[in-house]
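A.B. asks: Mind having a look at this structure? Questions to follow.
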Amino acid sequence: MASPSRPLRSLAVNGAFAGLLVFTWLEGHGAGGGGGTVPHAAGGSRLRFTEVSKAVGIDFTHRNARLDKRLDHIAVQVAGTGAGVSVCDPNGDGWPDLYATTSEDGAPNALYLNRGDGTFEDRAAEAGLADLNRAGEGACQGSVWADYDGDGHQDVFVYKWGRSELYRNRGTCTFEDVTAAAGLLLWCNAGAATWIDYDRDGQLDLYLGGYFAGEHDLWNLATTRIMQDSYEFSNNGGRDYLFRNRGDGTFEDVSERAGIQGTRWTYAVVAADLDRDGWTDLYVANDFGAEQLLLNRAGARFEEATDLGLERESKSGMCVALGNLMNDGNLAIFVTNISKAGFLFQGNNLRLNLLPEGKGLVQVADGVVADCGWAWGAQFGDLDRDGWQDLIVLNGYVSASRERDYWYQMSKLGGGAGDVVADAANWPPMEDRSLSGYERTRVLMHPPRRSLDFVDAAAAVGIDDEYDGRAAALSDLDRDGDLDVVVANQLGPLLVYRNDVAPGRHWIGFELTGVQSNREALGAEVTVEFAGGKQAQVALSAAGFCAQNDRQLFFGLGEEPGPLQVEVRWPSGQVQSFDGLALDRTHELIEGDARQGSAQGGAHHVPPDVEVAAESGEGDR
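Heads up: the sequence shown begins at 840 in the working numbering, then just goes up one per residue.
As structure tokens, this is what we get:
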């Protein structure tokens, strides 16, 4: 693997915020059932989002795949995914860029490069990443970005219904299709993918999760028996795969010997060391069935955890997001599901991960966290920088007629199994009916204390769209020291919500570079101990649903964070501790290097200023 070559940089954030229109939310108003409201406090102001996509040069609308004509009667429902978005940096300039997918034959994907002045330009065609929805080859669903060959440039794997594709970055922000040469040419109707270094050899491996069974060409069907064979514990979905990176640009399929054998309609996956044994695990959300925790057994194989109750709880898992709710250093796992008053209440799952303490996974979802509607993508992030992570959840399946609804027809299918539900020919036509349509995005704010009484503040903070949301991604796009929100909508626009949070609260950010570990440091866990407690975050590839966040890890710290203690647990097993790090900066941490610099800037560029922080501990544990 190539050694790190990027210089340490330091750009201070301009503390002057002008013209902010902000509202407040009040703690202690936990919601039950459909969600809470946010009282307006006289004179209280903190957070406001402004939708700015067109203003910053982003004009992108998702279009559905056109499938076999025998599916026309339910086409909008079957082809109900494919609006994905990932934060990436293919030109390596330190500014976060966006890659958005669409699904219709001939419709181009978009690569919006960040100009560094608050605006973006679509360079997908020049990069060779636009025309990926080619007839006979499949429909794009999402993308995962990483430097899989360790040459210092981000590459991309675009997963599709059909033939997914691996594109290698030539180093000039132009890409070559290396799918066949890499040994990844196969037909898989994929719903999810993630990069993971499962064997800790420093090379990024690839997990691919199938949704529809791979035997089906959805554009030229041999049979209409393509649907789930049960609404509970369905096992006739697509295959899951694990491809090991040989380190020479090629991959080998190690699925069978590594214990990856799922056919459970995979919709989302995250790769993190959830039991903290030093090996990166997989947490998988499946439609029509149970979630799966695949524990990594020393890089040899994965073993499904069967003593946590997951295998007994069937829902419609669509997203996996990782957060830290109690500021105790323990992660939490959020999986979205479906709720519809009068028809179905599955409820979202929010599980405290107490595996490192030997206490398993504890379900704590309640109130507005549990009931968001037909929920899809979600992400944790400290939106108001108070030192506590908030949660954004996208909702809505098919928005058509506001007067006609498909839920009655859906409920008649709900009791079916086998051929009754598996054969798409048996499904009533959608016509112009909605199915959980026009559901708004939820912005669930965490009270500044150890509590789970989230408050839905979406309307108060300016996020009030009713599009059919799919993928949500978080990034400090303008590098001004707060998290902006990017939303990809099915048959709708790509939206960018600029975060205008009031000044007065601090933050710190980290970009990680692996040396012994994979260069992207995917799987590394950073813990920040401050006055508000101890918060942990993991460097992830895929996160949420068909999304990837900024590789910069962002921690809000509140008004008086006190001294910080930072610990990095690298994928290699090495653990490093740092103190004396400056606030309100992004620090680049290089594995094994005691020096530390800060990187990225705010509204105005500031001349580089390299800082050095003493390392307070290093070594294997």
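Heads up, the beta-carbon is just placed ideally off N, CA and C, and yes, glycines get one too. Predicted, not measured: the structure shown is a model, and the values here were computed from it.
If you compare alpha carbons, which of Val1237, Met1165 and Asn1265 is closest to glutamate 1368?
C.D. replies: Numbered from its first residue, the sequence shown carries residue 1368 at position 529. Among Val1237, Met1165 and Asn1265, the Cα nearest to that of glutamate 1368 is on Met1165.
A.B. asks: Out of Leu968, Gly975 and Arg973, which one is the CA nearest neighbour of serine 982?
C.D. replies: Indexing the sequence shown from 1 puts residue 982 at position 143. Checked all of Leu968, Gly975 and Arg973; the closest Cα to serine 982 is Leu968.
A.B. asks: Quick one: using the 10 Å Cβ neighbour count with 16 as the cut-off for buried, is asparagine 1028 buried or exposed?
C.D. replies: For this step, residue 1028 is matched to residue 189 along the sequence shown. It counts as buried.
A.B. asks: Please state the DSSP three-state secondary structure of lysine 1373.
C.D. replies: Position 534 of the sequence shown, counted from the start, is the residue given in the question as residue 1373. Correct three-state label for lysine 1373: strand.
A.B. asks: Going straight from the alpha carbon of alanine 1360 to that of alanine 974, what length do you get?
C.D. replies: If you number the sequence shown from 1, residue 1360 lands on position 521. If you number the sequence shown from 1, residue 974 lands on position 135. Approximately 36 Å between the Cα atoms of the pair.
A.B. asks: Kindly indicate which residue of Asp1418, Ala963 and Trp1104 has the alpha-carbon position closest to the one of asparagine 930.
C.D. replies: Sequence index remark: in the sequence shown, residue 930 carries index 91 (1-based). Selected option, being the one with the closest Cα: Ala963.
A.B. asks: According to the neighbour-count rule (16 or more other Cβ atoms, all chains shown, within 10 Å of its Cβ), is phenylalanine 1082 buried or exposed?
C.D. replies: Walking along the sequence shown from the start, residue 1082 turns up at place 243. It counts as buried.
A.B. asks: Consult DSSP for glutamate 912 and reduce its assignment to one of helix, strand or coil.
C.D. replies: Mapped onto the sequence shown, residue 912 falls at position 73. Per the sequence shown, the amino acid found at residue 912 is histidine instead of glutamate. Correct three-state label for histidine 912: helix.
A.B. asks: Quick one: Cα of glycine 1419 to Cα of arginine 1241, how far?
C.D. replies: By 1-based counting over the sequence shown, the position of residue 1419 is 580. By 1-based counting over the sequence shown, the position of residue 1241 is 402. Their backbone Cα atoms lie some 56 Å apart in a straight line.
A.B. asks: Count the other CB atoms, across all protein chains shown, that sit within 10 Å of the CB of lysine 908; report buried if there are 16 or more and exposed otherwise.
C.D. replies: As a first step, residue 908 is located in the sequence shown; it is residue number 69 there, counting from the start. Under this definition lysine 908 is an exposed residue.
A.B. asks: Would you identify the three-state DSSP class for lysine 1251, choosing helix, strand or coil?
C.D. replies: Within the sequence shown, numbered from 1, the residue matching residue 1251 stands at position 412. Looking at lysine 1251 - three-state DSSP - the assignment turns out to be helix.
A.B. asks: In or out: glutamine 1439 buried (at least 16 other Cβ within 10 Å) or exposed?
C.D. replies: The residue given as residue 1439 occupies position 600 in the sequence shown. In this predicted model, glutamine 1439 has a pLDDT of only 36, less than 50, meaning its place in the structure is not dependable; the value taken from the coordinates is given anyway. Glutamine 1439 is classed as buried because its beta carbon has at least 16 other beta carbons within 10 Å across all chains shown.
A.B. asks: Between the beta-carbon of alanine 886 and the beta-carbon of valine 1340, is there less than 8 Å?
C.D. replies: The residue you call residue 886 lines up with position 47 of the sequence shown. The residue you call residue 1340 lines up with position 501 of the sequence shown. Note that residue 886 is leucine in the sequence shown here, rather than alanine. Closer than 8 Å, so yes.
A.B. asks: Please report how far the alpha carbon of histidine 905 lies from the alpha carbon of valine 1237, in whole angstroms.
C.D. replies: Position 66 of the sequence shown, counted from the first residue, corresponds to residue 905. Position 398 of the sequence shown, counted from the first residue, corresponds to residue 1237. The displayed chain sequence assigns arginine, not histidine, to residue 905. Going by the C-alpha atoms only, they are around 16 Å apart.
A.B. asks: So what does DSSP say about glutamine 1281, is it helix, strand or coil?
C.D. replies: Position 442 of the sequence shown, counting from 1, holds the residue named residue 1281. Checking the displayed sequence, the identity of residue 1281 turns out to be arginine instead of glutamine. Looking at arginine 1281 - three-state DSSP - the assignment turns out to be strand.
A.B. asks: Three-state secondary structure (DSSP) at glutamate 1430?
C.D. replies: Residue mapping note: residue 1430 aligns to position 591 of the sequence shown, counting from 1. The answer is coil: DSSP assigns glutamate 1430 none of H, G, I, E or B.
A.B. asks: If you draw a straight line from the alpha carbon of glycine 1383 to that of isoleucine 1231, how long is it in whole angstroms?
C.D. replies: Locating residue 1383 in the sequence shown gives position 544, where the first residue counts as 1. Locating residue 1231 in the sequence shown gives position 392, where the first residue counts as 1. Rounded to whole angstroms, glycine 1383 to isoleucine 1231 spans 10 Å at the Cα level.
A.B. asks: Taking buried to mean at least 16 other C-beta atoms within 10 Å of its own C-beta, is arginine 1289 buried or exposed?
C.D. replies: Translated into the one-based positions of the sequence shown, residue 1289 becomes position 450. So arginine 1289 ends up on the exposed side.
A.B. asks: Could you tell me how far apart the beta carbons of glutamate 1174 and leucine 1283 are, in whole angstroms, since I believe they sit closer than 8 Å?
C.D. replies: Here the question's residue 1174 lines up with position 335 in the sequence shown. Here the question's residue 1283 lines up with position 444 in the sequence shown. Contrary to the premise, residue 1174 reads as valine rather than glutamate in this sequence. About 15 Å; that fails the 8 Å criterion.
A.B. asks: Classify leucine 1024 as buried or exposed, calling it buried when 16 or more other Cβ atoms lie within 10 Å of its own Cβ.
C.D. replies: Counted from its first residue, the sequence shown places residue 1024 at position 185. Result: exposed.
A.B. asks: Have a look at valine 1407 and aspartate 936 and give me their C-alpha separation to the nearest angstrom.
C.D. replies: Translated into the one-based positions of the sequence shown, residue 1407 becomes position 568. Translated into the one-based positions of the sequence shown, residue 936 becomes position 97. Distance between the alpha carbons of valine 1407 and aspartate 936: 26 Å.
A.B. asks: Determine the closest residue to leucine 1330 out of Gly1253, Ala1310 and Gly1088, with distance taken between C-alpha atoms.
C.D. replies: Along the sequence shown, read from residue 1 onward, the residue named residue 1330 stands at position 491. That would be Ala1310, whose Cα lies nearest to the Cα of leucine 1330.
A.B. asks: Which of the three DSSP states, helix, strand or coil, is assigned to asparagine 1028?
C.D. replies: Sequence index remark: in the sequence shown, residue 1028 carries index 189 (1-based). Of the three classes helix, strand and coil, the one that applies to asparagine 1028 here is strand, per DSSP.
A.B. asks: Tell me the start and end of each unbroken beta strand (DSSP E) in the stretch 1099 to 1137 that is at least 3 residues and wholly inside, in chain order.
C.D. replies: 1105 to 1111, 1120 to 1125 and 1131 to 1136
A.B. asks: From what residue to what residue does the beta strand (DSSP E) around aspartate 1307 run?
C.D. replies: In the sequence shown, the residue the question calls residue 1307 occupies position 468. Residues 1307 to 1314.
A.B. asks: Per DSSP, leucine 1081 is paired with what?
C.D. replies: Counting from 1 along the sequence shown, the entry for residue 1081 is found at position 242. Paired residues: Tyr1046.
A.B. asks: What does a CB cutoff of less than 6 Å around leucine 1316 pick up in its chain, not counting 5 residues either side in sequence?
C.D. replies: Looking up residue 1316 in the sequence shown gives position 477. Only Pro935 and Asp1323 meet the Cβ criterion.
A.B. asks: Sorted by chain position, which residues of the same chain lie with C-beta nearer than 6 Å to aspartate 1262's C-beta, five sequence neighbours on each side aside?
C.D. replies: For the purposes of this step, residue 1262 is identified with residue 423 of the sequence shown, where counting begins at 1. The answer, listed in chain order, is Thr1063 and Arg1064.
A.B. asks: Could you name each continuous beta strand (DSSP E) segment of 3 residues or more that falls completely within the stretch 922 to 982, going from the start of the chain to the end?
C.D. replies: Fully enclosed beta strand (DSSP E) runs of 3 or longer: 923 to 927, 936 to 940, 949 to 953 and 959 to 961.
A.B. asks: Quick one: residues in its chain with C-beta nearer than 8 Å to the C-beta of glutamate 1091, no 5 flanking neighbours on either side, listed in chain order?
C.D. replies: On the sequence shown, residue 1091 is found 252 positions in, with the first residue counted as 1. Cβ neighbours of glutamate 1091 beyond the five flanking positions: Gly1022, Phe1082, Arg1083 and Arg1085.
A.B. asks: Strictly by DSSP, which residues pair up with glutamine 993?
C.D. replies: In the sequence shown, residue 993 corresponds to position 154, counting from 1. Per DSSP, glutamine 993 has no beta bridge partner at all.
A.B. asks: Given that a residue counts as buried once 16 or more other Cβ atoms are within 10 Å of its Cβ, and exposed if not, what is phenylalanine 1394?
C.D. replies: Here residue 1394 corresponds to residue number 555 of the sequence shown, with the count starting at 1. Buried, by the Cβ-count rule.
A.B. asks: In angstroms with no decimal places, state the Cα-to-Cα distance between arginine 1007 and leucine 1045.
C.D. replies: As a working mapping, residue 1007 is identified with position 168 in the sequence shown. As a working mapping, residue 1045 is identified with position 206 in the sequence shown. Roughly 14 Å separates the two Cα atoms.
A.B. asks: Output the residue ranges of the beta strand (DSSP E) runs that lie fully inside the stretch 1297 to 1357 and measure 3 residues or longer, sorted by chain position.
C.D. replies: Counting whole runs of 3 or more residues, the stretch 1297 to 1357 contains the beta strand (DSSP E) stretches 1307 to 1314, 1323 to 1329, 1333 to 1338 and 1345 to 1352.
A.B. asks: Report the residue from Gly945, Ala1032 and Gly1371 whose alpha carbon sits nearest the alpha carbon of glutamine 1404.
C.D. replies: Taking the first residue of the sequence shown as 1, we reach residue 1404 at position 565. Nearest of Gly945, Ala1032 and Gly1371 to glutamine 1404, Cα basis: Gly1371.
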